[in-house]
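Participant: Protein chains in written order, with my numbering: chain A, 20 to 215; chain B, 75 to 371. What follows is a structure written as structure tokens; I'll ask about it next.
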């Protein structure tokens, strides 16, 4: 499977290593032309304002919307989830607006308030070691968006169609279950989507 | 359901440092500069009263900045804010943690408070970044709990030569350790005065256990790209932006150059027409007493 990792800024290498351990061919995406032929793209954590500005400057907004409209899947973690949202509390920063949800940046506070916790995730039999680092929450989600995990009643993992968004960082752990879930159930290989 | 949430763990501190990779952290002295940095795409700002070039010019004792000034910057931007404490000054570090800064730089840019000991960074919930000139120094700081390392370079000069020297040395030493037999590691740890388990980590993984950034003399987009090529995970720019002719343009250009360090066409484009770079001081013209990189061990 050909998976891209948006490599404008942030922890893209950790996603790359995890995807390669699962047998994917990984492309670091720095310009829109790198999206060609990809089955899935991961938006890593990092600084959402930095990544958003570079996205705008290098014409990623339209290119990624096209990519998704043409069957591409996206897994967005932390800052990535902010970029995927339609609504960002108190901010007019650049975003894709593909996933109907309202996100709140730094919802748990500053870095001293960042934390790790075992998280119950729908569909996983055992808890997931979730790292929340100056993490956003998905304050509310639109129709058809499935909530897959909450922490303290706040939404932290959600999915709609070919889009998956998490507040936390599976790439910083040794646990590959969410990456596997993305590859097996969110990414739709071209042959399959052609049949549908 | 009971919720267990643990803060300040090593993984949370290092994981935060990982999020800065491929980015530029900029020194700022006012809330206005902080907003300019954020708008230009900085991943974080370093709040301080004087940039290293001015500390160098003014002389005297350089200390932690006024909390009021730091809080002013924390309130001005949504991106993470770092601040500096003196080497070994754990009370300044406690104050910075209490103010809610996101990262502390135990920095040789300020006048050292302790000639023998650095801060025990394991005592803190807030992560630390520390400077180093070689692998042994980097591993000693990580052993004390640093979640991020940066080259010392030679701050406030605009001369990249020392940052290059330190980056090449650290990366070269990592390659040397990687090439060793396992039974040679203890002697290597002894020779570089570094904790054995960390030397072993480097041997097994071919990298430091925490991100390693470039700092100390970066003044142009090409400087930033050079440091990325040498294996650094991102860059700190101190005096290089706000001591230049057109800070907004230069800041944006350095951000783009750090992402596209491997694409000379992009670098050529962003390097155009940036106005005057900071004037700069050649490192070879400094006396030994004027060098900041030799502070700390």
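Think of the CB as a built atom: it goes at the ideal place given N, C-alpha and C, for glycine as much as any other residue. All values reported here derive from a predicted model rather than from experimental measurement.
By the three-class DSSP mapping on this structure, what secondary structure does residue 283 of chain B have?
Facilitator: Three-state DSSP puts residue 283 of chain B in coil, outside helix and strand.
Participant: Using the DSSP secondary-structure output, state which residues sit across from residue 110 of chain B in a beta bridge.
Facilitator: Paired residues: none, contrary to the question.
Participant: Does the beta carbon of residue 222 of chain B come closer than 7 Å to any beta carbon on chain A?
Facilitator: It does not: the Cβ of residue 222 of chain B has no partner Cβ on chain A nearer than 7 Å.
Participant: At the level of alpha carbons, what is the spacing between residue 79 of chain B and residue 89 of chain B?
Facilitator: If I take the Cα positions, the gap works out to 16 Å.
Participant: Any residues in the segment 133-159 of chain B with a beta carbon nearer than 7 Å to a beta carbon of chain A? Which ones, in chain order?
Facilitator: Residues 152, 153 and 154.
Participant: What residue from A:131, A:54, A:139 and A:60 has the CA that sits closest to residue 84 of chain B's CA?
Facilitator: It is A:131.
Participant: From what residue to what residue does the beta strand (DSSP E) around residue 372 of chain B run?
Facilitator: Lying outside 75 to 371, the shown extent of chain B, residue 372 of chain B is not represented and no answer is given.
Participant: If we cut at 7 Å on Cβ distances, does residue 191 of chain A have a partner in chain B?
Facilitator: So yes, residue 191 of chain A belongs to the interface.
Participant: Am I right that residue 149 of chain B and residue 68 of chain A are in contact with their C-beta atoms under 8 Å? What's the rounded C-beta distance?
Facilitator: 16 Å between Cβ atoms; not a contact.
Participant: Can you tell me the Cα-Cα spacing of residue 117 of chain B and residue 99 of chain B, whole angstroms?
Facilitator: Near 6 Å, if we compare the C-alpha coordinates of residue 99 of chain B and residue 117 of chain B.
Participant: For a contact meaning CB atoms closer than 8 Å, what does residue 90 of chain B contact in chain A?
Facilitator: Simply 130, 133, 152 and 153.
Participant: With a threshold of 8 Å, are at least 3 pairs of Cβ atoms found where one atom belongs to the segment 164-172 of chain A and the other to the segment 36-48 of chain A?
Facilitator: Cβ pair count under 8 Å is below three, so no.
Participant: Take residue 251 of chain B and list the residues in its own chain whose beta-carbon comes closer than 8 Å to its own, dropping the five residues that flank it on each side.
Facilitator: Cβ within range, chain order: 209, 259, 262, 273, 276 and 277.
Participant: Less than 6 Å between C-beta atoms, sequence neighbours within five positions excluded: which residues of the same chain meet that for residue 87 of chain B?
Facilitator: Correct list, in chain order: 201 and 221.
Participant: List the residues of chain A that residue 199 of chain B touches, going by C-beta distances under 7 Å, in chain order.
Facilitator: Going along chain A in sequence order, the residues near residue 199 of chain B (Cβ under 7 Å) are 131.
Participant: Buried or exposed: which applies to residue 303 of chain B, given that a residue is buried once 16 or more other Cβ atoms fall within 10 Å of its Cβ?
Facilitator: Exposed, since its Cβ has fewer than 16 Cβ neighbours within 10 Å.
Participant: Where does residue 99 of chain A fall in DSSP's three states?
Facilitator: Helix.
Participant: Would you say residue 78 of chain B reaches chain A, if we count a Cβ-Cβ gap shorter than 7 Å as a contact?
Facilitator: Closer than 7 Å to some Cβ of chain A, the Cβ of residue 78 of chain B qualifies, so yes.
Participant: So for residue 207 of chain A, helix, strand or coil by DSSP?
Facilitator: Three-state DSSP puts residue 207 of chain A in coil, outside helix and strand.
Participant: Please list, in chain order, the chain B residues whose beta carbon lies closer than 7 Å to that of residue 30 of chain A.
Facilitator: The contacting residues are 92, 93 and 95.
Participant: Using the Cβ count rule (16 or more neighbours within 10 Å means buried), how would you classify residue 189 of chain B?
Facilitator: Residue 189 of chain B comes out exposed.
Participant: Please tell me whether residue 81 of chain B has its Cβ less than 7 Å away from any Cβ of chain A.
Facilitator: Yes, residue 81 of chain B counts as interfacial toward chain A.
Participant: Please confirm whether residue 241 of chain B and residue 225 of chain B have their CB atoms less than 7 Å apart.
Facilitator: Yes.
Participant: The ligand SAH and residue 243 of chain B: does the residue's C-beta get closer than 6 Å to at least one heavy atom of that ligand?
Facilitator: This structure lacks the ligand SAH, and indeed carries no ligand of any kind.
Participant: Between the Cα of residue 317 of chain B and the Cα atoms of B:253, B:288 and B:231, which residue gives the shortest distance?
Facilitator: The candidate whose alpha carbon is nearest that of residue 317 of chain B is B:231.
Participant: Show which residues of chain B have a CB atom less than 8 Å away from the CB atom of residue 27 of chain A.
Facilitator: Correct list: 96 and 333.
Participant: For residue 315 of chain B, which option in B:94, B:107, B:91 and B:92 has the closest C-alpha, if you only look at C-alpha atoms?
Facilitator: It is B:107 whose Cα lies nearest to the Cα of residue 315 of chain B.
Participant: Taking the alpha-carbon positions, what's the residue 191 of chain A to residue 134 of chain B distance?
Facilitator: Those two C-alpha atoms are separated by around 43 Å.
Participant: From this set, B:271, B:282, B:154 and B:204, which residue's C-alpha is nearest residue 249 of chain B's C-alpha?
Facilitator: Closest by alpha carbon: B:282.
Participant: Any idea which residues DSSP pairs residue 341 of chain B with across the strands?
Facilitator: For residue 341 of chain B, which the question treats as bridged, DSSP gives no partner whatsoever.
Participant: Where do the N-terminal and C-terminal ends of the beta strand (DSSP E) with residue 185 of chain A fall, by residue?
Facilitator: Element bounds for residue 185 of chain A: 182-185.
Participant: Hey, residue 120 of chain B and residue 102 of chain B are a contact pair by Cβ (cut 8 Å); roughly how many whole angstroms apart?
Facilitator: About 7 Å; that satisfies the 8 Å criterion.
Participant: Is the shortest distance between the beta-carbon of residue 73 of chain A and the beta-carbons of chain B less than 7 Å?
Facilitator: Closer than 7 Å: yes.
Participant: Near residue 32 of chain A, which residues of its chain fall below 7 Å by C-beta distance, leaving aside the five closest residues on each side in sequence?
Facilitator: Answer for residue 32 of chain A: no residue qualifies.
Participant: So is residue 210 of chain A buried or exposed if we call it buried at 16+ other beta carbons inside 10 Å?
Facilitator: Summary for residue 210 of chain A: the model assigns pLDDT 49, below 50, so the residue's position carries little reliability; its value from the coordinates is reported in the next sentence. Flag for residue 210 of chain A reads exposed.
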